[in-house]
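Student: Here it is: the structure, laid out below.
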Amino acid sequence: MQNSNQSVLDILQSGTSYHNNTLQIQWGNRDGRLVLQNGVILAAQVADLTGNGAALDICRWQNVNIKVLEETQQTAKDVTLSFSDIATVFQQNKISGVSPTSYNDQKELVKAVRLIHQFKYREAIDRISLVLRYNRFNYYGWLWYSRLLSRIELVQKALGEARRWGDHAPIIYQEVKKSGVGLAQTESERFKRCLFCWTPIDMNGYQCSFCKASQSIGKNPGSAKIGEKEIKSSLNRYLVAFNEDRQNDKIGYTIATAFYNLGLLEKALQYIELVLKLDSEKKLYRHAREIIFSHRSPAQRTTVTKEPKTSTRSTPQPVAVKKAAPARPRSPEIMVIEDSPTARKVIKMVLQREGFGIIEASTGKEALELSVGAQPNLILLDVMLPDMTGYDILPELRQQEHLKEIPVVMLTGKKGSMDRMKGMLAGSAEYITKPFNPQKLTSVIKKYL
(Lines of atoms letter the chains of each structure in order from A and count residues from 1; the text may use other names and numbers.)
(Lines give C-alpha, C1' and ligand atoms only; values in the text may rest on other atoms or scores of the structure.)
Protein backbone atom coordinates (compact mmCIF):
# COMPACT_ATOMS: atom_id res chain seq x y z
CA MET A 1 0.00 0.00 0.00
CA GLN A 2 1.46 3.38 -1.07
CA ASN A 3 0.66 6.43 1.04
CA SER A 4 1.86 9.94 0.23
CA ASN A 5 1.90 13.03 2.42
CA GLN A 6 0.28 11.33 5.39
CA SER A 7 2.50 10.25 8.27
CA VAL A 8 2.31 6.71 9.62
CA LEU A 9 0.54 8.07 12.71
CA ASP A 10 -2.08 9.76 10.50
CA ILE A 11 -2.64 6.51 8.61
CA LEU A 12 -3.05 4.44 11.78
CA GLN A 13 -5.40 6.98 13.34
CA SER A 14 -7.59 7.29 10.24
CA GLY A 15 -9.61 4.18 10.94
CA THR A 16 -7.66 1.75 8.77
CA SER A 17 -8.08 -2.01 8.98
CA TYR A 18 -4.72 -2.44 10.74
CA HIS A 19 -5.89 -3.67 14.14
CA ASN A 20 -4.22 -7.04 14.65
CA ASN A 21 -1.37 -7.05 12.17
CA THR A 22 2.39 -7.01 11.87
CA LEU A 23 3.33 -4.22 9.47
CA GLN A 24 6.52 -3.80 7.51
CA ILE A 25 6.88 -0.12 6.69
CA GLN A 26 9.27 0.87 3.92
CA TRP A 27 10.52 4.44 4.04
CA GLY A 28 13.03 5.19 1.34
CA ASN A 29 15.89 2.73 1.85
CA ARG A 30 14.91 1.99 5.47
CA ASP A 31 12.45 -0.46 7.01
CA GLY A 32 10.41 -0.32 10.18
CA ARG A 33 8.19 -2.87 11.88
CA LEU A 34 5.06 -2.31 13.94
CA VAL A 35 3.04 -5.02 15.70
CA LEU A 36 -0.56 -3.98 16.36
CA GLN A 37 -2.90 -5.76 18.73
CA ASN A 38 -6.50 -4.67 19.25
CA GLY A 39 -5.78 -1.39 17.50
CA VAL A 40 -2.78 -0.35 19.63
CA ILE A 41 0.97 -0.70 19.05
CA LEU A 42 2.33 -3.71 20.91
CA ALA A 43 5.94 -3.59 19.67
CA ALA A 44 8.09 -1.56 17.29
CA GLN A 45 11.48 -1.83 15.67
CA VAL A 46 13.54 0.20 13.24
CA ALA A 47 17.07 -1.14 12.76
CA ASP A 48 18.50 -1.16 16.31
CA LEU A 49 15.83 0.92 18.00
CA THR A 50 12.91 -0.86 19.61
CA GLY A 51 10.09 0.07 21.95
CA ASN A 52 8.76 3.61 22.32
CA GLY A 53 11.78 5.14 20.59
CA ALA A 54 11.21 3.04 17.48
CA ALA A 55 7.43 3.63 17.49
CA LEU A 56 7.91 7.40 17.67
CA ASP A 57 10.52 7.34 14.92
CA ILE A 58 8.32 5.30 12.56
CA CYS A 59 5.12 7.24 13.28
CA ARG A 60 6.60 10.48 11.90
CA TRP A 61 7.55 8.90 8.55
CA GLN A 62 5.78 10.12 5.41
CA ASN A 63 5.59 8.66 1.89
CA VAL A 64 5.75 5.05 3.04
CA ASN A 65 4.86 1.64 1.66
CA ILE A 66 3.02 -0.59 4.13
CA LYS A 67 3.02 -4.36 3.83
CA VAL A 68 1.14 -6.77 6.11
CA LEU A 69 3.38 -9.64 7.25
CA GLU A 70 2.23 -13.14 8.11
CA GLU A 71 3.70 -13.82 11.55
CA THR A 72 2.76 -16.59 13.96
CA GLN A 73 5.37 -15.98 16.67
CA GLN A 74 4.24 -14.28 19.84
CA THR A 75 5.72 -10.82 20.29
CA ALA A 76 6.71 -9.33 23.64
CA LYS A 77 5.26 -5.92 24.41
CA ASP A 78 7.82 -3.10 24.41
CA VAL A 79 5.68 -0.08 23.46
CA THR A 80 3.67 1.67 26.19
CA LEU A 81 2.51 4.73 24.23
CA SER A 82 -0.96 4.95 22.70
CA PHE A 83 -1.67 6.83 19.46
CA SER A 84 -2.90 9.82 21.47
CA ASP A 85 0.28 9.70 23.61
CA ILE A 86 2.40 9.76 20.45
CA ALA A 87 0.39 12.68 19.05
CA THR A 88 0.93 14.56 22.33
CA VAL A 89 4.69 13.91 22.24
CA PHE A 90 4.84 15.22 18.67
CA GLN A 91 2.86 18.32 19.60
CA GLN A 92 4.92 19.07 22.71
CA ASN A 93 8.22 18.64 20.87
CA LYS A 94 7.06 20.25 17.61
CA ILE A 95 7.72 17.06 15.66
CA SER A 96 6.32 17.02 12.13
CA GLY A 97 6.28 14.36 9.43
CA VAL A 98 9.50 13.64 7.55
CA SER A 99 9.98 12.44 3.98
CA PRO A 100 12.58 9.80 3.08
CA THR A 101 16.17 11.02 3.26
CA SER A 102 19.64 9.58 2.73
CA TYR A 103 20.63 10.59 6.28
CA ASN A 104 20.74 7.58 8.61
CA ASP A 105 20.96 8.53 12.27
CA GLN A 106 21.95 5.05 13.44
CA LYS A 107 24.85 4.74 10.98
CA GLU A 108 26.00 8.24 11.93
CA LEU A 109 25.97 7.20 15.59
CA VAL A 110 28.24 4.24 14.83
CA LYS A 111 30.71 6.68 13.24
CA ALA A 112 30.49 8.92 16.30
CA VAL A 113 31.21 6.02 18.66
CA ARG A 114 34.27 5.19 16.55
CA LEU A 115 35.47 8.79 17.02
CA ILE A 116 34.95 8.50 20.79
CA HIS A 117 37.28 5.51 20.90
CA GLN A 118 39.84 7.56 19.00
CA PHE A 119 39.56 10.23 21.73
CA LYS A 120 38.17 12.73 19.22
CA TYR A 121 35.48 13.86 21.63
CA ARG A 122 34.73 17.23 20.04
CA GLU A 123 34.06 15.70 16.63
CA ALA A 124 32.02 12.92 18.23
CA ILE A 125 29.78 15.25 20.22
CA ASP A 126 29.14 17.40 17.14
CA ARG A 127 28.09 14.31 15.19
CA ILE A 128 25.86 12.99 18.00
CA SER A 129 24.24 16.41 18.34
CA LEU A 130 23.22 16.16 14.68
CA VAL A 131 21.89 12.64 15.29
CA LEU A 132 19.68 13.85 18.14
CA ARG A 133 18.55 16.92 16.24
CA TYR A 134 17.39 14.64 13.48
CA ASN A 135 15.87 11.98 15.75
CA ARG A 136 15.49 12.84 19.41
CA PHE A 137 13.97 9.39 20.01
CA ASN A 138 17.30 7.64 19.38
CA TYR A 139 17.98 6.55 22.96
CA TYR A 140 21.38 5.09 22.05
CA GLY A 141 22.33 8.58 20.90
CA TRP A 142 21.35 10.01 24.29
CA LEU A 143 23.31 7.24 26.01
CA TRP A 144 26.57 8.10 24.23
CA TYR A 145 25.86 11.82 24.48
CA SER A 146 25.60 11.49 28.28
CA ARG A 147 29.02 9.80 28.36
CA LEU A 148 30.66 12.86 26.82
CA LEU A 149 29.20 15.38 29.27
CA SER A 150 31.10 16.68 32.29
CA ARG A 151 28.37 18.41 34.30
CA ILE A 152 26.21 16.25 36.56
CA GLU A 153 22.93 18.01 35.76
CA LEU A 154 23.54 17.65 32.01
CA VAL A 155 24.40 13.96 32.38
CA GLN A 156 21.20 13.38 34.33
CA LYS A 157 19.16 15.27 31.73
CA ALA A 158 20.62 13.23 28.85
CA LEU A 159 20.01 9.96 30.69
CA GLY A 160 16.48 11.15 31.40
CA GLU A 161 15.93 11.44 27.65
CA ALA A 162 17.44 7.98 27.13
CA ARG A 163 15.04 6.51 29.69
CA ARG A 164 12.09 8.39 28.27
CA TRP A 165 12.43 6.73 24.86
CA GLY A 166 14.28 3.53 25.77
CA ASP A 167 13.21 2.57 29.28
CA HIS A 168 12.63 -1.03 28.13
CA ALA A 169 16.28 -1.52 27.07
CA PRO A 170 18.53 -3.22 29.68
CA ILE A 171 21.57 -1.17 28.58
CA ILE A 172 19.74 2.06 29.48
CA TYR A 173 18.70 0.73 32.88
CA GLN A 174 22.24 -0.39 33.64
CA GLU A 175 23.71 2.94 32.50
CA VAL A 176 21.41 4.91 34.77
CA LYS A 177 22.25 2.62 37.68
CA LYS A 178 26.04 2.65 37.31
CA SER A 179 26.09 6.37 36.52
CA GLY A 180 24.22 7.08 39.75
CA VAL A 181 26.59 4.89 41.77
CA GLY A 182 29.66 6.44 40.14
CA LEU A 183 28.52 10.03 40.62
CA ALA A 184 27.63 9.34 44.26
CA GLN A 185 31.22 8.20 44.90
CA THR A 186 32.95 11.16 43.24
CA GLU A 187 34.33 13.70 45.68
CA SER A 188 33.86 16.79 43.51
CA GLU A 189 31.69 18.06 40.68
CA ARG A 190 34.47 17.32 38.20
CA PHE A 191 34.88 13.72 37.13
CA LYS A 192 36.18 11.54 34.31
CA ARG A 193 34.87 8.33 32.79
CA CYS A 194 36.12 4.78 33.02
CA LEU A 195 37.92 3.98 29.79
CA PHE A 196 36.07 0.68 29.50
CA CYS A 197 32.55 0.87 30.98
CA TRP A 198 32.08 4.68 31.12
CA THR A 199 31.18 4.82 34.81
CA PRO A 200 31.98 8.26 36.33
CA ILE A 201 35.09 8.25 38.55
CA ASP A 202 37.16 10.91 40.33
CA MET A 203 39.56 12.92 38.18
CA ASN A 204 42.48 11.30 40.01
CA GLY A 205 40.77 7.93 40.40
CA TYR A 206 42.84 4.87 39.52
CA GLN A 207 40.18 2.13 39.58
CA CYS A 208 36.60 2.03 38.31
CA SER A 209 34.01 1.34 41.01
CA PHE A 210 31.85 -0.67 38.59
CA CYS A 211 34.06 -2.86 36.38
CA LYS A 212 37.09 -2.61 38.74
CA ALA A 213 39.41 -1.87 35.81
CA SER A 214 42.61 0.09 36.42
CA GLN A 215 42.76 3.24 34.31
CA SER A 216 46.49 3.00 33.71
CA ILE A 217 49.26 0.43 33.96
CA GLY A 218 50.43 0.17 37.54
CA LYS A 219 50.16 -1.91 40.70
CA ASN A 220 49.03 -5.50 40.10
CA PRO A 221 47.67 -6.68 36.75
CA GLY A 222 44.25 -8.30 36.60
CA SER A 223 41.81 -8.98 39.40
CA ALA A 224 39.41 -11.77 40.30
CA LYS A 225 36.63 -9.16 40.43
CA ILE A 226 37.48 -7.52 37.11
CA GLY A 227 34.58 -6.93 34.72
CA GLU A 228 35.96 -8.95 31.81
CA LYS A 229 32.80 -8.54 29.74
CA GLU A 230 32.98 -4.73 29.81
CA ILE A 231 36.73 -4.64 29.17
CA LYS A 232 36.64 -7.10 26.26
CA SER A 233 33.72 -5.30 24.65
CA SER A 234 35.44 -1.91 24.78
CA LEU A 235 38.80 -3.46 23.83
CA ASN A 236 37.31 -4.59 20.55
CA ARG A 237 36.12 -1.06 19.78
CA TYR A 238 39.53 0.40 20.62
CA LEU A 239 41.24 -2.16 18.36
CA VAL A 240 39.03 -1.16 15.44
CA ALA A 241 39.60 2.53 16.19
CA PHE A 242 43.38 2.00 16.32
CA ASN A 243 43.37 0.19 12.99
CA GLU A 244 41.93 3.36 11.46
CA ASP A 245 44.33 5.70 13.26
CA ARG A 246 47.67 3.93 13.74
CA GLN A 247 49.50 7.10 14.80
CA ASN A 248 47.22 7.66 17.79
CA ASP A 249 49.40 6.55 20.70
CA LYS A 250 46.62 7.23 23.22
CA ILE A 251 44.49 4.47 21.72
CA GLY A 252 47.48 2.12 21.73
CA TYR A 253 48.17 2.81 25.42
CA THR A 254 44.49 2.24 26.27
CA ILE A 255 44.59 -1.12 24.46
CA ALA A 256 47.71 -2.03 26.43
CA THR A 257 45.90 -1.06 29.64
CA ALA A 258 42.95 -3.28 28.70
CA PHE A 259 45.23 -6.28 28.11
CA TYR A 260 47.03 -5.48 31.38
CA ASN A 261 43.70 -5.54 33.25
CA LEU A 262 42.93 -8.91 31.67
CA GLY A 263 46.30 -10.25 32.83
CA LEU A 264 47.60 -10.64 29.26
CA LEU A 265 51.03 -9.14 29.88
CA GLU A 266 52.65 -10.12 26.59
CA LYS A 267 49.82 -8.50 24.64
CA ALA A 268 50.07 -5.40 26.82
CA LEU A 269 53.83 -5.24 26.22
CA GLN A 270 53.35 -5.49 22.44
CA TYR A 271 51.21 -2.36 22.43
CA ILE A 272 53.48 -0.49 24.83
CA GLU A 273 56.41 -1.18 22.50
CA LEU A 274 54.26 0.08 19.65
CA VAL A 275 53.34 3.37 21.33
CA LEU A 276 56.96 3.90 22.39
CA LYS A 277 57.84 3.91 18.70
CA LEU A 278 55.31 6.72 18.30
CA ASP A 279 56.52 8.67 21.35
CA SER A 280 59.72 7.28 22.85
CA GLU A 281 60.12 10.10 25.38
CA LYS A 282 56.77 9.83 27.13
CA LYS A 283 57.41 8.85 30.76
CA LEU A 284 53.99 7.20 31.12
CA TYR A 285 54.81 4.67 28.39
CA ARG A 286 58.35 4.00 29.61
CA HIS A 287 57.08 3.51 33.16
CA ALA A 288 54.40 1.12 31.87
CA ARG A 289 57.04 -1.00 30.16
CA GLU A 290 59.04 -1.19 33.40
CA ILE A 291 55.96 -2.26 35.35
CA ILE A 292 55.05 -4.97 32.85
CA PHE A 293 58.64 -6.27 32.89
CA SER A 294 58.51 -6.43 36.70
CA HIS A 295 55.40 -8.64 36.58
CA ARG A 296 56.72 -11.04 33.95
CA SER A 297 57.96 -14.47 34.98
CA PRO A 298 61.73 -15.03 35.37
CA ALA A 299 61.76 -17.06 32.15
CA GLN A 300 60.08 -14.23 30.25
CA ARG A 301 62.46 -11.63 31.67
CA THR A 302 65.59 -13.51 30.60
CA THR A 303 64.42 -14.47 27.13
CA VAL A 304 66.70 -12.80 24.61
CA THR A 305 67.36 -13.27 20.94
CA LYS A 306 70.54 -15.26 20.45
CA GLU A 307 73.11 -14.07 17.93
CA PRO A 308 73.92 -16.63 15.21
CA LYS A 309 77.25 -18.38 15.73
CA THR A 310 80.07 -17.66 13.28
CA SER A 311 81.52 -20.77 11.65
CA THR A 312 85.35 -21.21 11.49
CA ARG A 313 85.14 -23.49 8.48
CA SER A 314 86.02 -22.32 5.00
CA THR A 315 83.20 -20.95 2.93
CA PRO A 316 81.72 -23.71 0.77
CA GLN A 317 81.57 -23.23 -3.00
CA PRO A 318 78.11 -22.48 -4.38
CA VAL A 319 76.28 -25.47 -5.82
CA ALA A 320 74.22 -25.12 -8.97
CA VAL A 321 70.55 -25.74 -8.25
CA LYS A 322 67.52 -25.95 -10.45
CA LYS A 323 65.44 -22.80 -10.13
CA ALA A 324 62.07 -23.58 -8.57
CA ALA A 325 58.91 -22.60 -10.34
CA PRO A 326 57.23 -19.53 -8.81
CA ALA A 327 54.71 -20.47 -6.13
CA ARG A 328 51.08 -20.11 -7.04
CA PRO A 329 49.34 -17.38 -5.05
CA ARG A 330 47.21 -18.74 -2.23
CA SER A 331 43.47 -18.42 -2.76
CA PRO A 332 41.80 -16.18 -0.17
CA GLU A 333 40.40 -18.23 2.71
CA ILE A 334 37.18 -17.48 4.55
CA MET A 335 36.53 -18.80 8.06
CA VAL A 336 32.81 -19.60 8.35
CA ILE A 337 31.59 -19.80 11.97
CA GLU A 338 27.99 -20.99 11.67
CA ASP A 339 26.11 -23.68 13.62
CA SER A 340 23.49 -24.48 10.96
CA PRO A 341 24.72 -27.29 8.64
CA THR A 342 22.33 -26.07 5.93
CA ALA A 343 23.56 -22.48 6.12
CA ARG A 344 27.19 -23.64 6.13
CA LYS A 345 26.56 -25.81 3.08
CA VAL A 346 24.99 -22.92 1.15
CA ILE A 347 27.76 -20.48 2.14
CA LYS A 348 30.45 -23.03 1.27
CA MET A 349 28.92 -23.70 -2.14
CA VAL A 350 28.64 -19.97 -2.95
CA LEU A 351 32.17 -19.13 -1.83
CA GLN A 352 33.88 -22.12 -3.43
CA ARG A 353 32.22 -21.19 -6.70
CA GLU A 354 34.03 -17.84 -6.40
CA GLY A 355 37.35 -19.58 -5.79
CA PHE A 356 37.60 -19.02 -2.02
CA GLY A 357 38.99 -21.59 0.40
CA ILE A 358 36.78 -22.46 3.38
CA ILE A 359 37.56 -23.09 7.06
CA GLU A 360 34.43 -24.34 8.86
CA ALA A 361 33.47 -24.15 12.54
CA SER A 362 30.07 -24.95 14.06
CA THR A 363 30.67 -23.70 17.62
CA GLY A 364 32.55 -20.89 19.29
CA LYS A 365 34.93 -23.32 20.97
CA GLU A 366 35.75 -25.01 17.67
CA ALA A 367 36.31 -21.62 16.02
CA LEU A 368 38.76 -20.52 18.71
CA GLU A 369 40.66 -23.80 18.45
CA LEU A 370 40.90 -23.59 14.66
CA SER A 371 41.80 -19.90 14.65
CA VAL A 372 45.16 -20.51 16.34
CA GLY A 373 46.61 -22.19 13.25
CA ALA A 374 44.31 -20.75 10.59
CA GLN A 375 45.21 -17.83 8.33
CA PRO A 376 41.83 -16.58 7.06
CA ASN A 377 41.52 -13.44 4.97
CA LEU A 378 38.01 -12.78 6.31
CA ILE A 379 35.71 -14.25 8.96
CA LEU A 380 31.96 -14.84 8.61
CA LEU A 381 30.63 -14.98 12.18
CA ASP A 382 27.11 -16.00 13.17
CA VAL A 383 25.72 -13.96 16.07
CA MET A 384 24.02 -16.89 17.82
CA LEU A 385 25.97 -20.12 18.36
CA PRO A 386 25.24 -23.08 20.67
CA ASP A 387 27.93 -22.28 23.24
CA MET A 388 28.46 -18.50 23.01
CA THR A 389 27.52 -15.42 21.03
CA GLY A 390 29.45 -13.75 18.25
CA TYR A 391 30.04 -10.81 20.60
CA ASP A 392 31.84 -13.16 23.02
CA ILE A 393 33.98 -14.73 20.31
CA LEU A 394 35.04 -11.57 18.50
CA PRO A 395 37.22 -10.14 21.32
CA GLU A 396 38.89 -13.56 21.72
CA LEU A 397 39.71 -13.67 18.02
CA ARG A 398 41.04 -10.11 18.08
CA GLN A 399 43.50 -11.01 20.83
CA GLN A 400 45.39 -13.19 18.37
CA GLU A 401 48.03 -11.13 16.61
CA HIS A 402 47.37 -12.59 13.16
CA LEU A 403 43.62 -11.92 13.40
CA LYS A 404 43.47 -8.47 14.97
CA GLU A 405 43.05 -6.70 11.62
CA ILE A 406 41.09 -9.39 9.74
CA PRO A 407 37.66 -8.09 8.61
CA VAL A 408 34.74 -9.80 10.35
CA VAL A 409 31.27 -9.94 8.79
CA MET A 410 28.50 -10.85 11.24
CA LEU A 411 25.50 -12.97 10.24
CA THR A 412 22.12 -12.95 11.98
CA GLY A 413 18.58 -14.07 11.30
CA LYS A 414 17.08 -11.05 13.08
CA LYS A 415 16.55 -8.35 10.50
CA GLY A 416 16.93 -4.88 11.93
CA SER A 417 17.52 -6.10 15.49
CA MET A 418 19.90 -4.69 18.08
CA ASP A 419 22.51 -7.06 16.65
CA ARG A 420 23.44 -4.54 13.96
CA MET A 421 24.61 -1.80 16.31
CA LYS A 422 26.09 -4.27 18.80
CA GLY A 423 28.03 -5.92 15.99
CA MET A 424 29.35 -2.65 14.59
CA LEU A 425 30.30 -1.40 18.04
CA ALA A 426 32.00 -4.70 18.81
CA GLY A 427 34.23 -4.23 15.80
CA SER A 428 32.62 -6.09 12.93
CA ALA A 429 33.17 -4.59 9.50
CA GLU A 430 29.76 -5.52 8.12
CA TYR A 431 26.43 -7.06 9.09
CA ILE A 432 24.32 -9.36 6.89
CA THR A 433 20.85 -10.71 7.68
CA LYS A 434 19.80 -14.26 6.84
CA PRO A 435 18.50 -15.46 4.46
CA PHE A 436 20.82 -13.48 2.22
CA ASN A 437 21.26 -13.06 -1.50
CA PRO A 438 24.38 -15.01 -2.62
CA GLN A 439 25.41 -12.12 -4.85
CA LYS A 440 25.23 -9.72 -1.90
CA LEU A 441 27.34 -12.06 0.23
CA THR A 442 30.10 -12.33 -2.37
CA SER A 443 30.05 -8.60 -3.11
CA VAL A 444 30.47 -7.79 0.59
CA ILE A 445 33.35 -10.26 0.92
CA LYS A 446 35.09 -8.96 -2.20
CA LYS A 447 34.81 -5.43 -0.86
CA TYR A 448 37.16 -6.33 2.00
CA LEU A 449 39.59 -8.60 0.12
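Count along the sequence shown starting at 1, add 48, and that's the number in this note's numbering.
Ideal Cβ positions, reconstructed from N, Cα and C, are used throughout, including at glycine.
As the structure is a prediction and not an experimental result, all values here were calculated from the model.
Find out if the Cβ-Cβ distance for the pair V127, A95 is shorter than 8 Å.
Tutor: Here residue 127 is taken as the residue at index 79 of the sequence shown, counted from 1. Here residue 95 is taken as the residue at index 47 of the sequence shown, counted from 1. Result no, Cβ atoms of V127 and A95 do not sit closer than 8 Å.
Student: Whose CA, out of K452, R294, Q295 and Y286, lies closest to the CA of T305?
Tutor: Walking along the sequence shown from the start, residue 305 turns up at place 257. Cα-wise, what sits closest to T305 is Y286.
Student: What does DSSP give as the partner residues of R181 in its beta bridges?
Tutor: On the sequence shown, residue 181 is found 133 positions in, with the first residue counted as 1. DSSP lists no partner for R181.
Student: Got a sec? Which residues, its chain only, sit under 6 Å from A261 by beta carbon, not counting five neighbours each side?
Tutor: Translated into the one-based positions of the sequence shown, residue 261 becomes position 213. Once the five neighbours on either side are set aside, the close Cβ partners of A261 are F244, I279 and N309.
Student: By how many angstroms is the C-alpha of A92 removed from the C-alpha of A217?
Tutor: As a working mapping, residue 217 is identified with position 169 in the sequence shown. As a working mapping, residue 92 is identified with position 44 in the sequence shown. C-alpha separation (whole angstroms): 13 Å.
Student: Distance check for E209 and V431, CA to CA, integer angstroms please.
Tutor: Counting from 1 along the sequence shown, the entry for residue 431 is found at position 383. Counting from 1 along the sequence shown, the entry for residue 209 is found at position 161. Taking the straight line from one Cα to the other gives about 30 Å.
Student: Hey, E235 and D250: beta-carbon distance below 8 Å or not?
Tutor: Within the sequence shown, the letter at position 187 stands for residue 235. Within the sequence shown, the letter at position 202 stands for residue 250. Contact flag set, yes.
Student: Between the C-alpha atoms of G405 and S379, what's the straight-line distance to the nearest angstrom?
Tutor: Stepping through the sequence shown from its first residue, residue 405 is reached at position 357. Stepping through the sequence shown from its first residue, residue 379 is reached at position 331. Rounded to the nearest angstrom, the two C-alpha atoms are 6 Å apart.
Student: The beta strand (DSSP E) that contains Q72, what's its start and end?
Tutor: As a first step, residue 72 must be located in the sequence shown, where it is residue number 24. Segment T70 to W75, the beta strand (DSSP E) holding Q72.
Student: What residue from N485, F131 and L197 has the CA that sits closest to S62's CA?
Tutor: Residue mapping note: residue 62 aligns to position 14 of the sequence shown, counting from 1. Out of N485, F131 and L197, F131 has the C-alpha closest to the C-alpha of S62.
Student: Under 8 Å by Cβ, that's how I've got V229 and S257 pegged, so tell me the actual separation to the nearest angstrom.
Tutor: Translated into positions along the sequence shown, residue 229 becomes position 181. Translated into positions along the sequence shown, residue 257 becomes position 209. Indeed they touch by this definition, with Cβ atoms about 6 Å apart.
Student: I'd like to check one pair, I134 with E157: are the Cβ atoms closer than 8 Å?
Tutor: For the purposes of this step, residue 157 is taken as residue 109 along the sequence shown, with counting starting at 1. For the purposes of this step, residue 134 is taken as residue 86 along the sequence shown, with counting starting at 1. This sequence places Leu at residue 157; Glu is not what is there. Their beta carbons are not under 8 Å apart, which means L157 does not touch I134 by this criterion.
Student: Given this structure, state the Cα-to-Cα distance separating Y66 from V88, to the nearest angstrom.
Tutor: The residue given as residue 66 occupies position 18 in the sequence shown. The residue given as residue 88 occupies position 40 in the sequence shown. Cα to Cα, Y66 sits roughly 9 Å from V88.
Student: Counting only runs that start and end within the segment 224 to 269, where is the alpha helix (DSSP H) found for 4 or more residues in a row?
Tutor: Whole alpha helix (DSSP H) segments, 4+ residues: zero.
Student: State the Cα-Cα distance for the pair W75 and I427, rounded to the nearest angstrom.
Tutor: Here residue 75 refers to the residue found at position 27 when the sequence shown is read from its first residue. Here residue 427 refers to the residue found at position 379 when the sequence shown is read from its first residue. W75 and I427: Cα-Cα distance of roughly 32 Å.
Student: Using 8 Å as the threshold, is the C-beta distance between N152 and Q110 below it?
Tutor: Looking up residue 152 in the sequence shown gives position 104. Looking up residue 110 in the sequence shown gives position 62. No, these two residues do not count as a Cβ contact at 8 Å.
Student: State the Cα-Cα distance for the pair G189 and K267, rounded to the nearest angstrom.
Tutor: As a working note, residue 189 is residue 141 in the sequence shown. As a working note, residue 267 is residue 219 in the sequence shown. Roughly 36 Å separates the two Cα atoms.
Student: Assuming W213 and G101 make a contact with CB atoms under 8 Å, what is their CB distance in whole Å?
Tutor: On the sequence shown, position 165 is the one that residue 213 refers to. On the sequence shown, position 53 is the one that residue 101 refers to. So it is a contact: roughly 4 Å between Cβ atoms.
Student: By alpha-carbon positions, which one of I265, E386 and K393 ends up nearest to L459?
Tutor: As a working mapping, residue 459 is identified with position 411 in the sequence shown. Minimum Cα distance to L459 is reached at E386.
Student: DSSP beta-bridge partners for L418?
Tutor: For this step, residue 418 is matched to residue 370 along the sequence shown. L418 is not bridged to any residue.
Student: Once DSSP output is grouped into helix, strand and coil, what is the label at A550?
Tutor: Only positions 49 to 497 of the chain appear in this structure, which leaves residue 550 out of reach.
Student: Pull the bridge partners of S55 from the DSSP assignment, please.
Tutor: By 1-based counting over the sequence shown, the position of residue 55 is 7. S55 is bridged to Q110.
Student: Using the rule of at least 16 other Cβ atoms within 10 Å of the residue's Cβ for burial, across every protein chain shown, is H450 buried or exposed?
Tutor: In the sequence shown, the residue the question calls residue 450 occupies position 402. Classification of H450: exposed, given that the 10 Å Cβ count is below 16.
Student: Could you check the C-alpha separation between L324 and Q318 for me, to the nearest Å?
Tutor: Counting from 1 along the sequence shown, the entry for residue 324 is found at position 276. Counting from 1 along the sequence shown, the entry for residue 318 is found at position 270. Rounded to the nearest angstrom, the two C-alpha atoms are 10 Å apart.
Student: Cα separation between Y193 and L202?
Tutor: As a working note, residue 193 is residue 145 in the sequence shown. As a working note, residue 202 is residue 154 in the sequence shown. Their Cα atoms are separated by approximately 10 Å.
Student: Please state whether DSSP places Q85 in a helix, a strand or coil.
Tutor: Mapped onto the sequence shown, residue 85 falls at position 37. Reduced to three states, the DSSP call for Q85 is strand.
Student: Can you tell me the Cα-Cα spacing of H343 and P269, whole angstroms?
Tutor: For the purposes of this step, residue 343 is taken as residue 295 along the sequence shown, with counting starting at 1. For the purposes of this step, residue 269 is taken as residue 221 along the sequence shown, with counting starting at 1. When rounded, the distance between both Cα atoms is 8 Å.
Student: Whose CA, out of R294, I320 and N291, lies closest to the CA of Y301?
Tutor: Counting from one through the sequence shown, the residue named residue 301 turns up at place 253. Of R294, I320 and N291, the residue nearest in Cα terms is I320.
Student: Taking E292 as the reference, which of S282, N252 and Q166 has the closest Cα?
Tutor: Position 244 of the sequence shown holds residue 292. That would be Q166, whose Cα lies nearest to the Cα of E292.
Student: Using only the alpha-carbon positions, how far apart do Y439 and K495 sit?
Tutor: The residue given as residue 439 occupies position 391 in the sequence shown. The residue given as residue 495 occupies position 447 in the sequence shown. If you take the alpha carbons of Y439 and K495, they lie about 23 Å apart.
Student: Just the C-alpha distance for V179 and E338, rounded to the nearest angstrom, thanks.
Tutor: Taking the first residue of the sequence shown as 1, we reach residue 179 at position 131. Taking the first residue of the sequence shown as 1, we reach residue 338 at position 290. Those two C-alpha atoms are separated by around 44 Å.
Student: Taking only three categories from DSSP, how would you classify Q122?
Tutor: Here residue 122 is taken as the residue at index 74 of the sequence shown, counted from 1. Coil.
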